[in-house]
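Trainee:
Chains as they are written, first to last, in this note's numbering: chain F, 972 to 1163; chain C, 67 to 433.
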């Protein structure tokens, strides 16, 4: 029954907060008082699970060994999803040597390149975790410049093609030179 | 200079005020950033972490906002120093556990603080007293834009800033406000509020962040999702939610005073009685009772008590701050005695709470 992303794990044991959550019954045995409160978001729906200590232990929620950190942090079933995506074979990051077994254990990735190496498995996770799967926020200035240069390169290429088909070789030579300098600038930006 | 000489005294720290400090104790915005290609701190070997630290630390020190700063390697700080930084909310508990290869840079007025090699290579945070989320965003955005000129951030056009944990991916932003909500706790509405806030995709945590207790009726509200939304929208959304929680807290206080004034006065009077007279008291009980004293100040029950004194006591009665004052290593029991001594001494000049005579509940007797 525990599937999807764990959106928020509420572990408020403070006296006051306890008081607020007091009296809530375990939703499995419906007998004992719930001490572990999980809120999960599955697709658009939110589910709340309130478990007593006994049932939580039975479900492995209290047992750090049976309840992998990746699952805890990234949604129950996260590690399985990664495994499926890799088709059973072990995926390893070519940059840092991090494997998905490491990911399952730590719930963290090894380096920025891991996002490329594990991209397939991560896609589904990101969907359950975030508002979207594409970044729409701040972009570093150097990246913005690179984007501008890439756009410029495209339009220059078009102009070159047109000049060639118009047999305007003088213009074509100009475009060719400009493409060359733009390419150089772009590769400077992306390699440093 | 040691970290203790550098940090503001607890009295000065408690005197910092911002808009709505009555309920919003502080605002904080954190950005997670990493260096392209380098293994994240949790996976990097010690040598590699040290290398990253050596690249990142000078870049941070060169920021204009860091002109007068305290910059140190974590292995040069004692455990006590680190725990004091946790009690000041300048570093996380995770960071306090770090040693070689991790570092800390904090500026003079403690408004900008960068943890190096915590979970990510950089965890930079802008801090402001009261409700000042937008100001905090501007400050951290400026610092980040300066840093990106010197550091080669791990960034993907599709996924944004790449972080060790996919939960921080994209903007790497965590916007949070620390709220004092005794009214909602006393009126037993806090759980409803927490659930409503959770439904909006926001998290509610305890005093020291992730996985900690809500001591002293202090709660931290923060965003969870970092990918697929623009930073300013996240800040704006959190700001709106905080304003709403503030309104609920005010309403809860108002209706408690109207419907159950005796319950409120009883809580506050007992808090004063214990804090001003106890001879042994734990840090947890102290915080919970100081919270009620703070409520008493807000309700003008203590004409000669300043909120800043309550907030100062919040800081100095915590275990590590207390330990710092004494050279010998104290046991928890010894700390409880010394804490009680300190509280009795500091509250000696504070007269007991005086509820306003115009209590509407006529049936309640007063002597």
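Ideal placement from N, C-alpha and C gives every residue a C-beta, glycine not left out.
Residues in the same chain with beta-carbon distance under 8 angstroms from residue 392 of chain C, minus the five sequence neighbours each way, listed in chain order, please.
Mentor: Here residue 392 of chain C refers to the residue found at position 326 of the second chain. Cβ within range, chain order: 404.
Trainee: Mind checking residue 22 of chain C: buried by the 16 CB within 10 Å criterion, or exposed?
Mentor: With chain C covering 67 to 433 only, the question about residue 22 of chain C has no answer from this structure.
Trainee: Could you spell out the range, first to last residue, of the alpha helix (DSSP H) harbouring residue 339 of chain C?
Mentor: Sequence index remark: in the second chain, residue 339 of chain C carries index 273 (1-based). Note, residue 339 of chain C: alpha helix (DSSP H), 327-343.
Trainee: Apart from the five residues on each side of it in sequence, which residues of its chain come closer than 8 angstroms, Cβ to Cβ, to residue 335 of chain C?
Mentor: Locating residue 335 of chain C in the second chain gives position 269, counting from the first residue. Cβ neighbours of residue 335 of chain C beyond the five flanking positions: 418, 419.
Trainee: Would you mind reading off the limits of the alpha helix (DSSP H) that contains residue 416 of chain C?
Mentor: By 1-based counting over the second chain, the position of residue 416 of chain C is 350. Counting along the chain, residue 416 of chain C falls outside any alpha helix (DSSP H), and DSSP gives it neither H nor E.
Trainee: Here's the rule I'm using: 16 or more other beta-carbon atoms within 10 Å means buried, otherwise exposed. How should residue 282 of chain C be labelled?
Mentor: Residue numbering aside, residue 282 of chain C sits at position 216 when the second chain is read from its first letter. Buried: at least 16 other Cβ atoms inside 10 Å.
Trainee: At which residue ranges does the segment 265-299 of chain C contain complete beta strand (DSSP E) runs of 3 or more residues, listed in the order of the chain?
Mentor: For the segment 265-299 of chain C, whole beta strand (DSSP E) runs of length 3 or above, ordered along the chain, are 268-271, 284-289.
Trainee: Which word fits residue 190 of chain C, buried or exposed, when buried means at least 16 other C-beta atoms lie within 10 angstroms of its C-beta?
Mentor: Locating residue 190 of chain C in the second chain gives position 124, where the first residue counts as 1. Flag for residue 190 of chain C reads buried.
Trainee: Looking only at its chain, what residues have a beta carbon closer than 8 angstroms to the beta carbon of residue 351 of chain C, apart from the 5 residues adjacent to it on each side?
Mentor: Taking the second chain and counting its residues from 1, the one referred to as residue 351 of chain C is at position 285. Around residue 351 of chain C: 340.
Trainee: Hey, which unbroken runs of the alpha helix (DSSP H) at 4 residues or more fall wholly within the segment 104-161 of chain C?
Mentor: Here the runs fully enclosed are 112-127, 145-153.
Trainee: Against residue 230 of chain C, what residues of chain F qualify as contacts under a CB-to-CB distance less than 7 angstroms, listed in chain order?
Mentor: The residue you call residue 230 of chain C lines up with position 164 of the second chain. Simply 1079, 1080.
Trainee: Taking 8 angstroms as the threshold (C-beta atoms), are residue 160 of chain C and residue 184 of chain C in contact?
Mentor: Walking along the second chain from the start, residue 184 of chain C turns up at place 118. Walking along the second chain from the start, residue 160 of chain C turns up at place 94. Yes, they are a contact pair.
Trainee: Counting only beta-carbon separations shorter than 8 angstroms, does residue 1111 of chain F have a partner in chain C?
Mentor: Counted from its first residue, the first chain places residue 1111 of chain F at position 140. Chain C, which has a Cβ nearer than 8 angstroms to the Cβ of residue 1111 of chain F, makes this yes.
Trainee: With DSSP as the reference, label residue 92 of chain C as helix, strand or coil.
Mentor: In the second chain, the residue the question calls residue 92 of chain C occupies position 26. In the structure shown, residue 92 of chain C sits in a strand (DSSP, three-state: E or B).
Trainee: Does the distance between the C-beta of residue 1080 of chain F and the nearest non-hydrogen atom of the ligand ZN fall short of 7 angstroms?
Mentor: This structure does not include the ligand ZN; it has no bound ligands of any sort.
Trainee: Quick check on residue 989 of chain F: buried or exposed, where buried means 16 or more other Cβ atoms within 10 Å of its Cβ?
Mentor: Sequence index remark: in the first chain, residue 989 of chain F carries index 18 (1-based). Low local confidence applies: a pLDDT of 40 at residue 989 of chain F is under 50, so the model's placement there is unreliable, and no value is given.
Trainee: Counting only Cβ pairs nearer than 8 angstroms, list the residues of chain C close to residue 1022 of chain F.
Mentor: Reading the first chain from its first residue, position 51 is the one you call residue 1022 of chain F. Within 8 angstroms Cβ-Cβ: nothing; residue 1022 of chain F doesn't reach chain C, min ~16 angstroms.
Trainee: What whole-angstrom Cβ distance do residue 412 of chain C and residue 375 of chain C have, given they're in contact under 8 angstroms?
Mentor: In the second chain, the residue the question calls residue 412 of chain C occupies position 346. In the second chain, the residue the question calls residue 375 of chain C occupies position 309. The pair is a contact, with the Cβ atoms about 7 angstroms apart (cut-off 8 angstroms).
Trainee: Compare the C-beta of residue 359 of chain C against all C-beta atoms of chain F and say whether one is closer than 8 angstroms.
Mentor: Position 293 of the second chain holds residue 359 of chain C. It does not; no Cβ of chain F falls within 8 angstroms.
Trainee: Examine chain F for any beta-carbon lying closer than 8 angstroms to the beta-carbon of residue 294 of chain C, and answer yes or no.
Mentor: Residue numbering aside, residue 294 of chain C sits at position 228 when the second chain is read from its first letter. Yes, residue 294 of chain C lies at the interface with chain F (some Cβ there is under 8 angstroms from its Cβ).
Trainee: Check whether the Cβ atoms of residue 92 of chain C and residue 244 of chain C sit closer than 8 angstroms, and answer yes or no.
Mentor: Along the second chain, read from residue 1 onward, the residue named residue 92 of chain C stands at position 26. Along the second chain, read from residue 1 onward, the residue named residue 244 of chain C stands at position 178. Yes, Cβ-Cβ distance for residue 92 of chain C and residue 244 of chain C is below 8 angstroms.
Trainee: For chain C, check one thing: does any of its Cβ atoms lie closer than 8 angstroms to the Cβ of residue 1114 of chain F?
Mentor: Here residue 1114 of chain F is taken as the residue at index 143 of the first chain, counted from 1. Yes, its Cβ sits closer than 8 angstroms to a Cβ of chain C.
Trainee: Suppose you measure from the CA of residue 43 of chain C to the CA of residue 147 of chain C; what does that come to, to the nearest Å?
Mentor: This structure leaves residue 43 of chain C out entirely; chain C is present only between 67 and 433.
Trainee: Within 8 angstroms (strictly less), CB to CB, does residue 1156 of chain F reach chain C?
Mentor: Start at 1 with the first residue of the first chain, and residue 1156 of chain F comes out as number 185. Chain C, which has no Cβ nearer than 8 angstroms to the Cβ of residue 1156 of chain F, makes this no.
Trainee: What residue range is occupied by the uninterrupted beta strand (DSSP E) comprising residue 170 of chain C?
Mentor: Position 104 of the second chain, counted from the first residue, corresponds to residue 170 of chain C. 169-173 is the span of the beta strand (DSSP E), which, as asked, contains residue 170 of chain C.
Trainee: At a cut of 8 angstroms, does the segment 1080-1096 of chain F reach the segment 229-236 of chain C through at least three beta carbon pairs?
Mentor: Touching, yes.
Trainee: Report all residues from its chain with a CB closer than 7 angstroms to the CB of residue 1146 of chain F; omit the five preceding and five following residues, and keep chain order.
Mentor: Locating residue 1146 of chain F in the first chain gives position 175, counting from the first residue. The residues are 1127, 1130, 1131, 1134.
Trainee: What residue range does the alpha helix (DSSP H) around residue 206 of chain C cover?
Mentor: Here residue 206 of chain C refers to the residue found at position 140 when the second chain is read from its first residue. Counting along the chain, the alpha helix (DSSP H) containing residue 206 of chain C begins and ends at 199-216.
Trainee: Using the Cα positions of residue 284 of chain C and residue 215 of chain C, report the straight-line distance between them to the nearest angstrom.
Mentor: Here residue 284 of chain C refers to the residue found at position 218 of the second chain. Here residue 215 of chain C refers to the residue found at position 149 of the second chain. Straight-line Cα distance between these residues: approximately 38 angstroms.
Trainee: Could you check how far apart the C-beta atoms of residue 122 of chain C and residue 182 of chain C are, in whole angstroms? I think they sit under 8 angstroms.
Mentor: By 1-based counting over the second chain, the position of residue 122 of chain C is 56. By 1-based counting over the second chain, the position of residue 182 of chain C is 116. Between residue 182 of chain C and residue 122 of chain C the Cβ distance is about 5 angstroms, and since that is below 8 angstroms, they are a contact.
Trainee: Note down, in chain order, each residue of its chain lying with its Cβ closer than 6 angstroms to the Cβ of residue 116 of chain C, except the 5 sequence neighbours on either side.
Mentor: Taking the second chain and counting its residues from 1, one reaches residue 116 of chain C at position 50. Here the set comprises 167.
Trainee: Between the C-alpha atoms of residue 1109 of chain F and residue 210 of chain C, what's the straight-line distance to the nearest angstrom?
Mentor: For the purposes of this step, residue 1109 of chain F is taken as the residue at position 138 of the first chain. For the purposes of this step, residue 210 of chain C is taken as the residue at position 144 of the second chain. Whole-angstrom Cα-Cα distance: 10 angstroms.
Trainee: Show which residues of chain C have a CB atom less than 7 angstroms away from the CB atom of residue 1067 of chain F.
Mentor: Walking along the first chain from the start, residue 1067 of chain F turns up at place 96. Result: 105, 109.
Trainee: Going by DSSP in three states, residue 995 of chain F sits in which element: helix, strand or coil?
Mentor: Taking the first chain and counting its residues from 1, one reaches residue 995 of chain F at position 24. Here residue 995 of chain F sits in coil by DSSP.
Trainee: Report yes if the CB atom of residue 140 of chain C is closer than 8 angstroms to the CB atom of residue 173 of chain C, and no otherwise.
Mentor: Here residue 140 of chain C is taken as the residue at index 74 of the second chain, counted from 1. Here residue 173 of chain C is taken as the residue at index 107 of the second chain, counted from 1. For residue 140 of chain C and residue 173 of chain C, no; Cβs fall outside 8 angstroms.
Trainee: Beta strand (DSSP E) containing residue 193 of chain C: first to last residue?
Mentor: Taking the first residue of the second chain as 1, we reach residue 193 of chain C at position 127. 188-195 is the extent of the beta strand (DSSP E) around residue 193 of chain C.
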